[in-house]
Amino acid sequence: MKMKNAPSTILLLIGLFTAKSDASFPSSCTCFAHGYREEIVFESCDGAYITFGGSCSYDLMRTCTPDGLDNKPPFSVVVKAGYTTEFDNKQTFVSRVTINFENENVVMDTRGGFMVNGMIETTDYFGDNFNVTRVDRPEYSLIKFQTHFSLRVLIHIGARSHKIRVRIGRHYQRSLCGLCGNFNDETADDYQTADGENVTDLAYLDRQAASEEIAKSMLVQEHEQELCEPIVNRPSPHQMLEAMIDREKVFDIYGSCAKEEDEIEGNAQCNVTLENHPTKGSFANCSKDLDDDNKLKFVEACSAAYCAGKSHRAKERNVCYFIEALSRVCRENLKPVHNWCMPMKCPAQKGCSKWEQKYD
Numbered sequence: 002m003k004m005k006n007a008p009s010t011i012l013l014l015i016g017l018f019t020a021k022s023d024a025s026f027p028s029s030c031t032c033f034a035h036g037y038r039e040e041i042v043f044e045s046c047d048g049a050y051i052t053f054g055g056s057c058s059y060d061l062m063r064t065c066t067p068d069g070l071d072n073k074p075p076f077s078v079v080v081k082a083g084y085t086t087e088f089d090n091k092q093t094f095v096s097r098v099t100i101n102f103e104n105e106n107v108v109m110d111t112r113g114g115f116m117v118n119g120m121i122e123t124t125d126y127f128g129d130n131f132n133v134t135r136v137d138r139p140e141y142s143l144i145k146f147q148t149h150f151s152l153r154v155l156i157h158i159g160a161r162s163h164k165i166r167v168r169i170g171r172h173y174q175r176s177l178c179g180l181c182g183n184f185n186d187e188t189a190d191d192y193q194t195a196d197g198e199n200v201t202d203l204a205y206l207d208r209q210a211a212s213e214e215i216a217k218s219m220l221v222q223e224h225e226q227e228l229c230e231p232i233v234n235r236p237s238p239h240q241m242l243e244a245m246i247d248r249e250k251v252f253d254i255y256g257s258c259a260k261e262e263d264e265i266e267g268n269a270q271c272n273v274t275l276e277n278h279p280t281k282g283s284f285a286n287c288s289k290d291l292d293d294d295n296k297l298k299f300v301e302a303c304s305a306a307y308c309a310g311k312s313h314r315a316k317e318r319n320v321c322y323f324i325e326a327l328s329r330v331c332r333e334n335l336k337p338v339h340n341w342c343m344p345m346k347c348p349a350q351k352g353c354s355k356w357e358q359k360y361d
């Protein structure tokens, strides 16, 4: 069958398929970052999780495309990380966010202050093409930055986790790079370094190692006026587990179970050696390497964390923290345990391969 006006028809069909593809594309790119405990947690626009601890400046989101930006304003968002040491534990956080665009420079810190083009501002700022405002709410306060071209940055101030949210419109799809990813609606290729090296396979085996390779490549050296640590060495899995089950620290953090039924359920969820445990003996081979005292302390600490959860979801999540720590020890002992997350019903937005700590 011959088609009249074939070139026009083909172009029309291409347009229809393109429109359908664009219609299914997310309306905006939203990226999250927050620091807590030993690591900073980043969630890219396409759902990849990158976690690391460091004290340098890193590219969070910026424009970069070999094909040009089609009149879209270029911009960059850089985060400065830091950490403090409390009770032998490193507390990691994001200390400030720097935004550059259209010859403008805005620096916002997570304590509530901000500067515009080097000048400290004590009140809300309203410019020709952007504004910075403070929003006070009962639970927390915000610094809100937004531009005329849809770039928005929100910082939760006064919160332990220093949550940061960056959003940009869909017209920047496939035009971004940095820890927030490339905004192409595919998760896997967000696991790549700044020079394009794909570390997806490494992320599958050891996401921490992959995250650290990505972080080192995203370092923004010109923002550093003094020496910093691109990656802060974490304790070994054994050291982390020992700290988590230290009886004195456990009591200080979680206290004791207030309800007997919670204590019973916590013990049932945490004792991976029980025959009827959801993991169905997956940890049997590995747990032989733990002495009886450490096994008991593990169950006690994990159960206390379960009791401390303010909701059922939080209780499940706390148990998962402990079992994940145990699984890391097993892996280090060359006795890896797989598929423990799903039967434990660990809170996960997109399956256990992307399960991530969320802090309530």
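Position one of the sequence shown corresponds to residue 2 (my numbering), numbered consecutively onward.
Note that CB positions come from ideal geometry on N, CA and C, so glycine has one too.
Assigned exposure category for residue i - 16 Cβ within 10 Å defines buried
{"i": "P344", "result": "exposed"}
{"i": "C347", "result": "buried"}
{"i": "D137", "result": "exposed"}
{"i": "G256", "result": "exposed"}
{"i": "R97", "result": "buried"}
{"i": "N104", "result": "exposed"}
{"i": "H339", "result": "exposed"}
{"i": "C342", "result": "buried"}
{"i": "Y1", "result": "Residue 1 is absent from the model: the chain starts at 2 and stops at 361."}
{"i": "M109", "result": "buried"}
{"i": "L152", "result": "buried"}
{"i": "E44", "result": "buried"}
{"i": "M2", "result": "Residue placement at M2 cannot be trusted, given a pLDDT of 40 that sits under 50; what the coordinates show is reported in the next sentence. The residue is exposed, with fewer than 16 neighbouring Cβ atoms inside 10 Å."}
{"i": "L242", "result": "buried"}
{"i": "T123", "result": "exposed"}
{"i": "G267", "result": "buried"}
{"i": "H149", "result": "exposed"}
Bridge-paired residues (DSSP) for residue i
{"i": "S77", "result": "R63 and N101"}
{"i": "G36", "result": "I41"}
{"i": "Q147", "result": "N132 and R153"}
{"i": "I51", "result": "F43"}
{"i": "N106", "result": "N101"}
{"i": "T1", "result": "This structure cannot speak to residue 1, because the chain is shown only from 2 to 361."}
{"i": "T31", "result": "R168"}
{"i": "F127", "result": "N132"}
{"i": "D137", "result": "S142"}
{"i": "P199", "result": "Here residue 199 turns out to be Asn, not Pro, going by the sequence shown. The partner list for N199 (beta bridge, DSSP) reads Q193."}
Residue from the options whose Cα sits closest to the Cα of residue i
{"i": "L327", "options": "K311, D290, G310 and R314", "result": "D290"}
{"i": "L143", "options": "V133, S151 and F150", "result": "V133"}
{"i": "G113", "options": "A82, K145 and D129", "result": "K145"}
{"i": "S212", "options": "F252, D190, D71 and R248", "result": "D190"}
{"i": "P231", "options": "T85, L177 and Q222", "result": "Q222"}
{"i": "A49", "options": "F323, Q193, P75 and L152", "result": "Q193"}
{"i": "Y173", "options": "P27, F323 and E325", "result": "P27"}
{"i": "K260", "options": "Q240, P279, A309 and A34", "result": "A309"}
{"i": "I324", "options": "N277, I165 and M245", "result": "M245"}
{"i": "P139", "options": "S29, I158 and E122", "result": "I158"}
{"i": "Q209", "options": "H278, I41, N286 and H35", "result": "I41"}
{"i": "F252", "options": "S304, D202, P238 and A34", "result": "S304"}
{"i": "Y84", "options": "C229, I165 and L275", "result": "C229"}
{"i": "S29", "options": "F184, I156 and T124", "result": "F184"}
{"i": "D207", "options": "G197, P238 and M120", "result": "P238"}
{"i": "K81", "options": "T93, Y59 and R168", "result": "Y59"}
{"i": "Q240", "options": "R329, H149 and M116", "result": "R329"}
{"i": "T66", "options": "L155, H149, G197 and T111", "result": "G197"}
{"i": "V167", "options": "A34, T188 and T93", "result": "A34"}
Cβ distance (whole Å) where residue i is taken to contact residue j below 8 Å
{"i": "N295", "j": "Y307", "result": "Contact flag wrong, Cβ pair sits at about 18 Å."}
{"i": "G1", "j": "M62", "result": "Because the chain here runs from 2 to 361, residue 1 falls outside it and cannot be looked at."}
{"i": "D186", "j": "D47", "result": "6 Å"}
{"i": "T99", "j": "V79", "result": "5 Å"}
{"i": "C32", "j": "C258", "result": "The pair is not a contact, with the Cβ atoms about 38 Å apart (cut-off 8 Å)."}
{"i": "C331", "j": "F284", "result": "7 Å"}
{"i": "S176", "j": "K311", "result": "Not a contact, Cβ separation roughly 41 Å."}
{"i": "F76", "j": "F102", "result": "4 Å"}
{"i": "N118", "j": "N130", "result": "The Cβ separation is near 13 Å, so there is no contact."}
Cβ-heavy atom distance, residue i to the ligand SAH, below 7 Å
{"i": "Y84", "result": "Ligands in the displayed structure: none, and consequently the ligand SAH is not present."}
Are at least three pairs of beta-carbons, each pair with one atom in the stretch 269-278 and one in the stretch 291-302, less than 8 Å apart?
-> Under the 8 Å Cβ criterion, the stretch 269-278 counts as touching the stretch 291-302, having at least three qualifying pairs.
Between the stretch 51-60 and the stretch 212-219, do three or more beta carbon pairs fall short of 8 Å?
-> The stretch 51-60 is in contact with the stretch 212-219.
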